[in-house]
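J.:
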Amino acid sequence: MPVDLATLYFLAIGTLLASAGMMFWEFRTHPTRSRELRILASGFATLAVGCTAVLFRRELPGALGSALSNLIILSGYLLVLAGVAALSGRQHRKGSLALLAGMAGIWAVWGSQWLDVIWAHVSALPIAAIAAMTAWEMHRCRTLKSRAQHIVVAVTSLHAVLYAGRALVLPWFVADYPGILALSSKITIYEGVLYSVILPMTLLKLIRDETHGQLLRESQTDYLTRLGNRRWFFEQGARELDGARGRGPVAVLAFDLDHFKSINDRHGHQRGDEVLKSFAETARDVLGSDTLLARIGGEEFAALLCGGNARRARALGEAVAARFAATASHRSDSAGILATVSIGLAQYDQDVPTLSEGLAAADRALYRAKSLGGNRLETAADPLPSLTG
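Residue 213 in our numbering is what sits at position 219 of the sequence shown, and the numbering runs on without skipping anything.
Laid out in structure tokens, this is it:
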């Protein structure tokens, strides 16, 4: 059954309003993206208003109805672009205002004389440019990484190509094929309906995935030191060891701050927390970002080193102990507290154990370091043959 243009417009209006409503509803559950969601909701709502205005554009005299409809629709597209750009902290205010002013000028100067040409072809060009810019903004967005990102790029790119064709290619065929303009209008609205459904749904998925990722990272992050927690260490460590089997050495370092209970009892838990953060910063600086470093208990930390770092594990561990002892007492936020750390080291060459076994061996060496007075590193006696270079 054939569908007339007005029915397609009503369908587009309904989907746009539904999309705007979902965007507005979702901003409450994604506080870090509430601004972007409000902008996107405003954009889809404005597009719905613009499509409604199209249905009544001939009720106003001259080119006024067409001009208002087109400028409202352009504003909606620009708001969608603003929302997508805001996901990366960028904005296009000056360019957007310039584009709106330019299109308003075209309508004011040539609207009455060339109404049909401007409406059918010229007005499509800025829409194509905005859609292309939206695709580019999503393509270079580094804060949202998901397969859905490619869908957004594809949908907005298709939108850009369709409107660019309407502006630059269609005029060449209208004279020879008069019916092609009506067909083009229907195709444009059909694609617009898909755009109004797929784009907001995909953007919502991107934001939901980001929120889920943030919650997952928080569940695996120690709130005080911002290092990974015990769960993260064992999950990530298992993956690292699976990849390291047969491809070089690994080493496990177990750390325990010396006399930490007495630091808390004497100076208070706030100062104790500062000592923990000081150690985490020192260990991260010395071991580097390639090392898996986590807080696995109150004053207990662990690190997994692979490859060249594993060969230098003893030197790196001793450097952590020396720097922590030297810097902890000089930090302004630790009030001159003397703090040291004991370390156990387990090294393995080709025969890599499970992470639990490696950490257990490092813990035994750690207890020996504690029994010898602390502030030192001891190597496990029971791992497989030592590294040779």
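We put the beta carbon where it would ideally sit given N, CA and C, even for glycine. Nothing here was measured: the structure is a model prediction, and the numbers come from that model.
Could you give the uninterrupted runs of the alpha helix (DSSP H) lying entirely in the region 79 to 130, keeping only those of 4 residues or more?
T.: Fully enclosed alpha helix (DSSP H) runs of 4 or longer: 87 to 104.
J.: Can you tell which of T46, W19, R84 and S36 has its C-alpha closest to the C-alpha of A1?
T.: The sequence given here has Thr at residue 1, not Ala. Of T46, W19, R84 and S36, the residue nearest in Cα terms is T46.
J.: Which stretch, first to last residue, makes up the beta strand (DSSP E) that contains Y184?
T.: DSSP places Y184 in no beta strand (DSSP E) but in the uninterrupted alpha helix (DSSP H) bounded by I174 to S213.
J.: Residue range of the alpha helix (DSSP H) that Q143 falls in?
T.: Run containing Q143: R141 to L162, per the alpha helix (DSSP H) assignment.
J.: I'd like to check one pair, L193 with T137: are the Cβ atoms closer than 8 Å?
T.: no
J.: For the ligand NAD, is there a heavy atom less than 7 Å away from the beta-carbon of G99?
T.: Ligands displayed in this structure: none; no statement on the ligand NAD is therefore possible.
J.: If you check the beta carbons only, do L94 and L75 fall under 8 Å apart?
T.: no
J.: Per the DSSP calculation, R289 is bridged to which residue(s)?
T.: F295
J.: Only counting the same chain, and skipping five residues up and downstream in sequence, which positions put a Cβ closer than 8 Å to that of H144?
T.: none
J.: In terms of residues, what are the limits of the beta strand (DSSP E) holding T373?
T.: L371 to T373
J.: Need the endpoints of the beta strand (DSSP E) that V168 sits in, please.
T.: V168: not part of any beta strand (DSSP E); member of the alpha helix (DSSP H) spanning P165 to V168, first to last residue.
J.: Rounded to whole angstroms, what is the Cα-Cα separation between A57 and V116?
T.: Cα to Cα, the separation comes out at about 14 Å.
J.: If we ignore side chains and look at the alpha-carbon of each, how far apart do A245 and R22 end up?
T.: If you draw a straight line from the Cα of A245 to the Cα of R22, it is about 46 Å long.
J.: Any idea if T348 is buried or exposed, counting beta-carbon neighbours within 10 angstroms, 16 or more meaning buried?
T.: exposed
J.: Which residues does DSSP list as the beta-bridge partners of A245?
T.: L299 and Q341
J.: What span of residues does the alpha helix (DSSP H) with I257 cover, start to end?
T.: F254 to H261
J.: Please identify the residue among H24, R52, S28 and A14 whose C-alpha is closest to the C-alpha of S36.
T.: A14
J.: By the 10 Å Cβ neighbour count, where 16 or more other Cβ atoms means buried, how is W166 classified, buried or exposed?
T.: exposed
J.: Where does S283 fall in DSSP's three states?
T.: In this structure, S283 counts as coil in the three-state DSSP scheme.
J.: Are any of the Cβ atoms in chain B nearer than 8 Å to that of A14?
T.: No chain B is part of this structure, which consists of one protein chain only.
J.: Alpha helix (DSSP H) containing I331: first to last residue?
T.: Note, I331: premise wrong, no alpha helix (DSSP H); not H, not E.
J.: Among the candidates Y157, G291, D170 and A79, whose CA atom is the shortest distance from the CA of T128?
T.: A79
J.: I'd like the span of the alpha helix (DSSP H) that includes C45, first residue to last.
T.: Element bounds for C45: S28 to L49.
J.: In three-state terms, what does DSSP make of L(-1)?
T.: helix
J.: Helix, strand or coil: how does DSSP classify D216 here?
T.: D216 sits in coil when the DSSP states are folded into three classes, being neither helix nor strand.
J.: Would D252 be called buried (16 or more neighbouring beta carbons within 10 Å of its own) or exposed?
T.: buried
J.: Does the Cβ-Cβ distance between G338 and E312 come in under 8 Å?
T.: No, these two residues do not count as a Cβ contact at 8 Å.
J.: Apart from the five residues on each side of it in sequence, which residues of its chain come closer than 7 Å, Cβ to Cβ, to S179?
T.: L(-1)
J.: Taking contact to mean at least 3 C-beta pairs separated by less than 8 Å, is the region 256 to 264 in contact with the region 356 to 372?
T.: no
J.: What did DSSP end up calling G222 once you bin it into helix, strand or coil?
T.: strand
J.: Would you check if the region 353 to 364 and the region 261 to 274 touch, i.e. whether three or more CB-CB distances between them fall below 8 Å?
T.: no
J.: So is H263 buried or exposed if we call it buried at 16+ other beta carbons inside 10 Å?
T.: exposed
J.: Per DSSP, which one or two residues make a beta bridge with L251?
T.: Per DSSP, V335.
J.: Determine the burial state of G96: buried for a count of at least 16 other Cβ atoms within 10 Å of its Cβ, exposed for fewer.
T.: exposed
J.: What residue range does the alpha helix (DSSP H) around A384 cover?
T.: Residue numbering for the chain in the displayed model covers -5 to 383; residue 384 lies beyond these limits and cannot be assessed.
J.: Measuring CA to CA, which of L247, E351, G266 and A248 is closest to F254?
T.: G266
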